[in-house]
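A.B. asks:
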């Protein structure tokens, strides 16, 4: 059975996107990362938040613009939204509620990961008790403002267990299991 994995590249001060969802900061921190290269082959489907799907792309203006993992992955994507576009998007299914989106993504992924993209949908998955793992690629930069990896007004205590810690020249990979 598939697992839900939230993966994101994060600044040292905890942001996955800059102010207004700006992803241009990430361009200078992309590079070879064996953990990500291995992960791509283990992803069977994406569960994507609407803002992430419609948002900025660190590959803007390049051949990889709009492609998951910079074009390294292709497959079914499930976008959680209440505002599906009128025109269909190839390989993308728009789903209006979390339970249906998770069920559809898990069915499509088979025994591979459902990779969760987007802070809001990841938080919703955590609150629903369906998020299994978190992979944070920590880039050596501080943004000072933007979209946090995890934001829970009023605070909370999500217990995590470290599965692995690795370093590449441009980042540190931290892989965690969500404890229930």
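Residue numbers (this note's numbering): 26 to 205.
Backbone N, C-alpha and C define an ideal beta-carbon position, used for all residues, glycine too.
Just so you know, these numbers come straight off a predicted model, no measurement behind them.
Going along the chain, which residues of its own chain have a beta-carbon closer than 7 Å to the beta-carbon of residue 39, five neighbours each way excluded?
C.D. replies: Within the same chain, residue 39 has close Cβ partners 173 and 174.
A.B. asks: Check residue 191 in the structure and name its three-state DSSP category.
C.D. replies: If DSSP states are grouped into helix, strand and coil, residue 191 belongs with the strands.
A.B. asks: Compare the C-alpha of residue 168 against each of 26, 43 and 65 and name the closest.
C.D. replies: Minimum Cα distance to residue 168 is reached at 43.
A.B. asks: Residues in its own chain within less than 8 Å of residue 190 by CB, not counting five upstream and five downstream?
C.D. replies: Answer for residue 190: 197, 198, 199 and 200, listed in chain order.
A.B. asks: Out of curiosity, what's the CA-to-CA distance linking residue 84 and residue 34?
C.D. replies: Reliability of the predicted coordinates at residue 84 is poor, the pLDDT of 49 falling under 50, and no value is obtained from them.
A.B. asks: Quick check on the burial criterion: 16 or more other C-beta atoms within 10 angstroms. Buried or exposed for residue 171?
C.D. replies: Answer is buried; the Cβ neighbour count reaches 16.
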